[in-house]
Each structure stands twice: as structure tokens, then as C-alpha cells.
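Working notes, structure below.
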Amino acid sequence: MKRPPSPPFWRLWGWPIALGLLTIAGLISALLGDRIWDHLSAVALGIPVMACLWFGLRR
Amino acid sequence: MTPTTVRRWAWIHKWSSLVCTIFMLLLCLTGLPLIFHPQIDAWLGNSVVAPDLPADAPRADADRVLATGHALYPHKVMQYMSRDPGEDRIWNLTMADSVTDPRYTSIAVDARTAKVIAVPKVDGTFISVMFRLHVDLFAGLPGTLFLGLMGLLLVIAIVSGVVLYAPFMRKLEFGTVRRRRTTRLKWLDLHNLLGIVTVVWALVVGATGMINTWADLVLKYWQHDQLAQMVAPYKGLPPPVALAPMQQVLDAAVKLEPGMDFGFVAWPGTPFSSPHHFGVFMRGREALTARLYKPVLVDATTGRVTDSRALPWYLTALQISQPLHFGDYGGLSMQILWALLDIATMIVLGSGVYLWLRRGIKATAAAAPGTHGAGAEAAAPQALLARDAA
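Chains A and B are the protein sequences, given in the same order.
The first sequence stops at residue 59 when you use our numbering, and every number in between is there.
The second sequence stops at residue 1390 when you use our numbering, and every number in between is there.
Shown next as C-alpha cells:
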């Protein structure tokens, strides 16, 4: 029995990988310095958190 | 992925998470106040604040600071004196009945006037109870190592969860939450969504937490390895009769490392020195280097530097892993994000248990005839998790 073709890789993994890379950038940037690096980190880590809230809470 | 492969990964995911979930929920719950411990200490009045003095007020001689401690506790001996990063106005003295006594008292002394600022409570505070539950379940090193093992299971659960994300999501757009069907389906989608969005954070915090559980062992290894080499020439010598003045010890360390700040000083006989040395642990001034200590060994009698070398890679790795676990290196915004990600992880853990408890629902559907083949693809992976659990 033939199974249907798998979905394109990027359709399945595109967002998870993008959010994962943002998380890594956020975790590292605040280690490198203070002030601007901390702000960068807050934005980079904030986007995955916003994604949780947006997709988790929308009706 | 073949159904057999999915079933194997599902088995790994189910058992690794079921075993560690209750402990992970405890760690998430106790970790939440620990993220905000500076603020909580301040609210409860447990934090130490230096009195306002002109910024250029001269620093008191270190031996006067020590004399203040000895005047307060004449029968106790010094173990450590330390400074918090970026706070050079306060010396924290650690004193106890002997140099190796674990029941210590902490005294905060003004580094400018050499007056006592506070004697902070060490045990029994809200934060210290949360800390013990988080670090060793009040069971010492075995408790810590046990939690490390649970952390390893968490890492396995996360990795297997990522593998399972593909078969579950093959027919769905990213972020889909099917709310209008069964409650179980809604929570399955939320479990997958929150799990995959927070996966890197959870993996980093889980793995660095696990590494931290080995801190005591790694430190012991360093003492037997490098520290032992550094103090080898003093082996077998009688213990020092009189200690060199502390200010002389500090000055010697600063002369060697003028670009660094004091982290802490370990008295002779503590685990961070030898019977014949003060261990002066210097740290850098930048965001990253402030996390990395450099030990300077100072002869306890003469006050001269005898050896200094950078920490080995395994202690450097340990020290860099710590902020990545604590989330204490990016200000208040990072603390808040850490807390939100912690809560998201608790939802993933809780929904995982719920999905397992309600596993019968999909299993019945999957067992029905005619559900094999292409038509049942979307339901199949859920059934796999449920079926072999039933």
C-alpha cells in the first residue's frame, strides 16, 4: 500500500527551525554583553513566547 | 517514517516523560520564584543594601573588615569572603565554627566603613526552601544526582517529542489548534504547539540543569587534579602559624591580575585552597568574563603569589552553563521571558499527563476496522501513542 508523499520539509519544519534559531540567538546575545545585547536577547526570546500566546490563545 | 518507527519513538517519549514529569513539574514550580529571587528577597526585606556614601569614598583596609566579623563572632573562624559582581561596596564574610563546618553564618560588611550592614538569614527563608527543593530535595548530593538523572530523562523526552512532531503534524499547518472537536484533540495540538515552540529553550535549560547537578563532582575532580598540582610543593609542611594580613593578600592578587575584580577569597583549609594558601578567585568585568573565575594562590604566611592558572575547560563549561540555566544575565525582561517559558513548559508537562490519562479515546477509534491506509494517516500517530499504552 502506497502512503501519500511527505509534506515538503520546510512546510513542516520552517517555523520550528526559525523559532529555534531565534531562541539560540536570544540566549547567546545576552551572554555577549549588556544593554543593546540584552535588548536584542529580549526581542529574540520574546518572539517564540509571543508565538505560544498567539497560537495558543486565539479562537 | 514507518508505523513501527513511530511506535518505537512513541514508547521512548511516553516512558521517559512519565517517569520524570512529576519531578519536572516540581522543578518548574520551585524554579519560578528562584527566577525572581533578587526581587523576592527585596520584598521580604532579606536583601542587603549598601548605605549611600559618595561614590569615591575610600575602601576600608580588608583587615578592618575582618576585624568587624571577628568582633561580632569571636569564637568563629573565617571560611570565605566574597563580593557580588558589580557590587564593590559590600564584603560578604562567611564564618563558622571550623574551616570545614557546613553550618556557616553570613555577615555583610560595608567595604568603605568596615561596619556591619546586615547578618542575612541563611536557612529557613522562603527562597532557601525553594532552592533546596529545586537543587537536592533536601537529600544532599544523592538528591542532586537523582534530579540530574530526571533531567537526562527530560532531554530524552524532548528529543523523542521532536521526532514525533513530524508524523503528528504532517497534515496540519504550523500552529493549528483544533478546538471544535474533542478536548483531547485540543490539548494534543496545544502540547505539540507549545512543545515545539519552546523546544530549544527547554533543551538548553534542561541540559544545563543536568550539567549543574555534576558541579560538586566536577569541583572535586579539579581539586584532585589541578589544585593538587598547584599546591604540591607545600605537601607535608606544617600548617602556617600566623596568617599574612588580608590587605597584603588582596593587593598581591590585584597586582597579578590588574584588569580583574575580586570574586571570593577562600581561607586556608577550605575546599578552594590548601592548608598553606589563600585561594583568591578573580573574575572579569564583562558580561561573560564576570562568570569566569581565575584562581590566584597566595602563600598564607608570606602573602606572596605562588601559582595562578586559568580554570580547565570543564569548569569553564560549568560556569557558562549556569547563567543559561538561571536566566539571570539579561535583566528583568529576561526574567519575565524565563518565567513565561517555564509556565509554557508546565503546560506541556501537564497536557502530556492528561493525554496519557485520556489515551483510551483515540485507541478505540484506531482499533476500529477500515482505519488503516491513507485515509487514517492523521489519526494514526495519536493512536500509536495511545494504543501501546492501553
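Built from N, CA and C at the ideal position, the CB exists for glycine as well.
Problem - Terminal residues of the beta strand (DSSP E) in which Arg1283 (chain B) lies - result: Start and end: His1277 to Arg1283.
Handout entry: Option in B:Leu1297, B:Tyr1293, B:Asp1299 and B:Phe1326 with minimal Cα separation from Pro1312 (chain B)
Key = The shortest Cα separation from Pro1312 (chain B) among B:Leu1297, B:Tyr1293, B:Asp1299 and B:Phe1326 belongs to B:Tyr1293.
Exercise for the section: Excluding the 5 residues preceding and the 5 following Thr1364 (chain B) in the sequence, name in chain order all residues of the same chain whose CB lies nearer than 7 Å to its CB. Expected result: Because Thr1364 (chain B) carries a pLDDT of 47, less than 50, the predicted location of this residue cannot be relied on, and the following value inherits that uncertainty. Hits under 7 Å: none found.
Practice task
Identify the continuous alpha helix (DSSP H) that holds Asp1307 (chain B) and give its terminal residues.
Solution key: Going by DSSP, Asp1307 (chain B) is part of no alpha helix (DSSP H) but of the beta strand (DSSP E) stretching over Val1305 to Ser1308.
Exercise for the section: Within its chain, find whatever has a CB closer than 7 Å to the CB of Ala1057 (chain B); leave out the 5 residues flanking it on each side and keep chain order. Expected result: Counting only Cβ-Cβ distances below 7 Å, and skipping sequence neighbours, we find Arg1112.
Problem - Contact set for Ser1160 (chain B): own chain, Cβ-Cβ below 6 Å, skip 5 residues either direction - result: The answer, listed in chain order, is Trp1009, Ile1012 and His1013.
Practice task
Residues of the region 1014 to 1027 of chain B with a CB closer than 7 Å to any CB of chain A: list them in chain order, please.
Solution key: For chain A, none of the residues of the region 1014 to 1027 of chain B brings a beta carbon within less than 7 Å of one of its beta carbons.
Handout entry: For Lys1115 (chain B), the three-state DSSP class (helix, strand or coil)
Key = Annotated three-state conformation of Lys1115 (chain B) is coil, per DSSP.
Practice task
Have a look at Ala1368 (chain B) and Leu22 (chain A) and give me their C-alpha separation to the nearest angstrom.
Solution key: Unreliable positioning characterises Ala1368 (chain B) in this predicted model, as indicated by a pLDDT of 43, which lies under 50. The coordinate reading is nonetheless provided below. Between Ala1368 (chain B) and Leu22 (chain A), the C-alpha separation is close to 43 Å.
Exercise for the section: Report the partner residues of Asp1261 (chain B) according to the DSSP bridge assignment. Expected result: According to DSSP, which records beta bridges pairwise, Asp1261 (chain B) is partnered with B:Arg1283.
Exercise for the section: Answer with buried or exposed for Ser41 (chain A), where buried requires no fewer than 16 other C-beta atoms within 10 angstroms of its C-beta. Expected result: The residue is buried, with at least 16 neighbouring Cβ atoms inside 10 Å.
Handout entry: Straight-line gap, Leu1349 (chain B) to Gly1148 (chain B) (C-alpha atoms, nearest Å)
Key = In a straight line, the C-alpha of Leu1349 (chain B) is about 18 Å away from that of Gly1148 (chain B).
Exercise for the section: Would you kindly report the start and end of the unbroken beta strand (DSSP E) that includes Asp1063 (chain B)? Expected result: Per DSSP, Asp1063 (chain B) is not a residue of any beta strand (DSSP E); the alpha helix (DSSP H) it occupies stretches across Ala1062 to Leu1072.
Practice task
Kindly say whether Phe1036 (chain B), judged by its beta-carbon, lies nearer than 9 Å to any beta-carbon of chain A.
Solution key: It does not; no Cβ of chain A falls within 9 Å.
Practice task
Determine contact between the region 1034 to 1052 of chain B and the region 1215 to 1235 of chain B, defined as no fewer than three beta-carbon pairs at a distance below 8 Å.
Solution key: Too few Cβ pairs lie closer than 8 Å, so no.
Practice task
Check the DSSP bridge columns for Trp1091 (chain B) and list the partner residues they point to.
Solution key: Looking at the DSSP assignment, Trp1091 (chain B) forms a beta bridge with B:Val1109.
Practice task
Give the secondary structure of Tyr1329 (chain B) by DSSP, where H, G and I count as helix, E and B as strand, and everything else as coil.
Solution key: In the structure shown, Tyr1329 (chain B) sits in coil (DSSP, three-state: anything other than H, G, I, E or B).
Problem - Enclosing beta strand (DSSP E) for Ser1082 (chain B) [first to last residue] - result: Here the beta strand (DSSP E) through Ser1082 (chain B) covers Val1077 to Ser1082.
Handout entry: chain A contacts made by the region 1139 to 1165 of chain B, where a contact means CB separation under 9 Å
Key = Listed in sequence order: Val1162 and Tyr1165.
Handout entry: Min CB distance Ile24 (chain A) to chain B below 9 Å
Key = Yes, Ile24 (chain A) lies at the interface with chain B (some Cβ there is under 9 Å from its Cβ).
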